[in-house]
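Please read the structure below before turning to the comments.
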Amino acid sequence: MSSEKIIALVDCNSFYCSCERVFNPSLEGKPVIVLSNNDGCAIARTDEAKAIGIKMGAPFFKIKDVIKKHNIHVFSSNYTLYGDMSRRVMEILREYTPELEIYSIDEAFLDLTGFKKRDLIQYSQDIRQRVLKLTGIPVSIGLGPTKVLAKVANRLLKKDKIKNQGVFSVLDPLVCEQALNTFPIEDIWGISRKSTQKLHDLRIYTARQLRDANETLIQKKLTVVGARIMQELKAVSCLDLEQVQQDKKNICSSRSFGRPVFAKEELQEAIANHVHTATEKLRRQKSIARSILIFIQTNPFKNIPQYYNSTTIELPSWTSVTTKLIHQAFYGLDSIYKSGFEYKKCGIILNDIIPKSESQLDFFGSPSITGAVRTFVILG
DNA sequence: TCTGGGGTCCTAGGACCC
DNA sequence: TCTGGGGTCCTAGGACCC
Numbered sequence: 040m041s042s043e044k045i046i047a048l049v050d051c052n053s054f055y056c057s058c059e060r061v062f063n064p065s066l067e068g069k070p071v072i073v074l075s076n077n078d079g080c081a082i083a084r085t086d087e088a089k090a091i092g093i094k095m096g097a098p099f100f101k102i103k104d105v106i107k108k109h110n111i112h113v114f115s116s117n118y119t120l121y122g123d124m125s126r127r128v129m130e131i132l133r134e135y136t137p138e139l140e141i142y143s144i145d146e147a148f149l150d151l152t153g154f155k156k157r158d159l160i161q162y163s164q165d166i167r168q169r170v171l172k173l174t175g176i177p178v179s180i181g182l183g184p185t186k187v188l189a190k191v192a193n194r195l196l197k198k199d200k201i202k203n204q205g206v207f208s209v210l211d212p213l214v215c216e217q218a219l220n221t222f223p224i225e226d227i228w229g230i231s232r233k234s235t236q237k238l239h240d241l242r243i244y245t246a247r248q249l250r251d252a253n254e255t256l257i258q259k260k261l262t263v264v265g266a267r268i269m270q271e272l273k274a275v276s277c278l279d280l281e282q283v284q285q286d287k288k289n290i291c292s293s294r295s296f297g298r299p300v301f302a303k304e305e306l307q308e309a310i311a312n313h314v315h316t317a318t319e320k321l322r323r324q325k326s327i328a329r330s331i332l333i334f335i336q337t338n339p340f341k342n343i344p345q346y347y348n349s350t351t352i353e354l355p356s357w358t359s360v361t362t363k364l365i366h367q368a369f370y371g372l373d374s375i376y377k378s379g380f381e382y383k384k385c386g387i388i389l390n391d392i393i394p395k396s397e398s399q400l401d402f403f404g405s406p407s408i409t410g411a412v413r414t415f416v417i418l419g
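Numbered by the working numbering, the letters in the first sequence go through residues 40 to 419 in order.
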């Protein structure tokens, strides 16, 4: 019993919108949405905007009328601001426990097992109040014995099934049982559309039914991923907190164009920018890469001739030098570019990434991996 | 040469997350 | 006219080796 963990999921409410409200308090109580890059679609909504019926990912052009009618306040996304606010929130959370996993820009798992003897609801309320006071960001906190159950608790808060107190706990087995009874499987963390359909085929509709289902059957249908979720629903923790930020194994930069693009020169400019962005991230984690994938594509939503292609370039050695990678990326672009198409999006992915410290300089000044077999040709 | 089993590594693609 | 961007994990299947 005492080995049971206590996990809190702290989630910032309508995070991007809340950030905008911090700098514009008159928006309090009013409907607000934040749009994706190029103002393509809605990616954050306040409760007021949700109540009006704005759906996650709704294309801007389709909701323009509703926005006007209900006087919804609209913002283009400002990721520099959101990243900044996120760091401040996470720093405060870290004051409450060193065991913390920053799961996304607006969510963190906290291991509160060591605070068992305290009133955990009160402790969580303290966290909420302090974050709100120091950053202006409202957060919701779900408590459970596993990550999946903490997510369940948090989800119930958002759904307003429980009156909006900002903290909900399913640590009590009876409360948990009740919560799972009516909790739809599609709302479980890790169960999305495809898996939901497979489970519906098995006549499994609620979290409770999934928890009590035949394990072999679930593993067969949903692989080990599903089996793990089952365990977590049973309050058996099998997803650990990942406290140290792992180095990225691949780094991607891509974006849609705000307008039609035909010319190779324009694609080159965009690709160069993407390489620049990605190599900056690469250097920040003190890594080097040896493989770069370049892709270009037309707009699949448009009824025009479609083209998608990608190519991977393997470099002779690992590098984090922007110009070297841009050179290779252009070479790759040359090989896949076809004129006459209206391009909508392009991007690059850096692969085969290793820490710079794992490499050493070979005779010619370019890194080679330690321990790898190399043949040296002495010139002259 | 033929036959078979088993292990490892790699890659592409599916599924899922926020 | 107009539909995000950046990730992770897992599996299946092929290549290769012993």
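C-beta: ideal position from N, C-alpha, C; glycine also.
Close beta carbons around residue i, own chain, < 7 Å, minus the five adjacent residues each side
i           : result
residue 41  : Residue confidence is low: residue 41 scores 48 on pLDDT, short of 50, so the model does not pin down where it sits. No coordinate-derived value is stated.
residue 77  : 295 and 297
residue 120 : 58
residue 416 : For residue 416, the predicted model reports a pLDDT of 33, less than 50, meaning its position is unreliable; a value from the coordinates is still stated below. So the list is empty, once near-sequence residues are dropped.
residue 226 : 194
residue 292 : 313, 316, 317, 386 and 387
residue 50  : 145, 146, 178, 179 and 193
residue 83  : 53, 54, 55, 56, 72 and 73
residue 142 : 148
Buried/exposed call for residue i, threshold 16 Cβ in 10 Å
i           : result
residue 311 : buried
residue 223 : exposed
residue 53  : buried
residue 140 : buried
residue 379 : exposed
residue 265 : buried
residue 394 : exposed
residue 334 : buried
residue 347 : exposed
residue 370 : exposed
residue 68  : exposed
residue 64  : exposed
residue 283 : exposed
residue 87  : buried
Straight-line Cα distance separating residue j from residue i
i           : j           : result
residue 74  : residue 145 : 17 Å
residue 55  : residue 306 : 30 Å
residue 129 : residue 345 : 43 Å
residue 163 : residue 132 : 10 Å
residue 349 : residue 385 : 9 Å
residue 184 : residue 117 : 35 Å
residue 267 : residue 363 : 43 Å
residue 171 : residue 205 : 12 Å
residue 339 : residue 300 : 14 Å
residue 47  : residue 166 : 11 Å
residue 270 : residue 309 : 45 Å
residue 272 : residue 257 : 13 Å
residue 285 : residue 320 : 13 Å
residue 275 : residue 125 : 30 Å
residue 280 : residue 302 : 47 Å
residue 89  : residue 198 : 11 Å
residue 278 : residue 186 : 7 Å
residue 114 : residue 108 : 17 Å
residue 401 : residue 325 : Its pLDDT being 46, under 50, residue 401 is placed unreliably in this model, and the value from its coordinates should be taken loosely. Whole-angstrom Cα-Cα distance: 19 Å.
CA nearest to the CA of residue i, picked from the options
i           : options               : result
residue 304 : 134, 230, 46 and 372  : 372
residue 111 : 93, 118, 128 and 124  : 93
residue 179 : 188, 207, 365 and 351 : 207
residue 218 : 204, 243, 196 and 163 : 196
residue 341 : 326, 382 and 317      : 382
residue 44  : 153, 97 and 214       : 153
residue 122 : 174, 113, 91 and 285  : 174
residue 234 : 249, 137 and 221      : 249
residue 263 : 229, 290, 283 and 246 : 229
residue 85  : 107, 102, 336 and 60  : 60
residue 336 : 352, 351 and 375      : 375
residue 213 : 239, 252, 331 and 247 : 247
residue 149 : 189, 290, 351 and 157 : 189
Beta-bridge partners of residue i, as assigned by DSSP
i           : result
residue 271 : Answer by DSSP bridge pairing: none, since residue 271 is not bridged.
residue 84  : 72
residue 150 : 46
residue 245 : 223
residue 182 : 47 and 208
residue 386 : 293 and 334
residue 348 : 335
residue 115 : 74
residue 139 : 149
residue 361 : Beta-bridge pairing links residue 361 to no other residue.
residue 353 : 330
Close Cβ partners of residue i (< 6 Å) along its chain, the five nearest in sequence each way excluded
i           : result
residue 322 : 359
residue 215 : 209
residue 315 : 361
residue 365 : 311 and 314
residue 329 : 354, 357 and 391
Contacting residues, own chain, Cβ-Cβ under 8 Å from residue i (five flanking each side not counted)
i          : result
residue 80 : 74, 96, 97, 98 and 99
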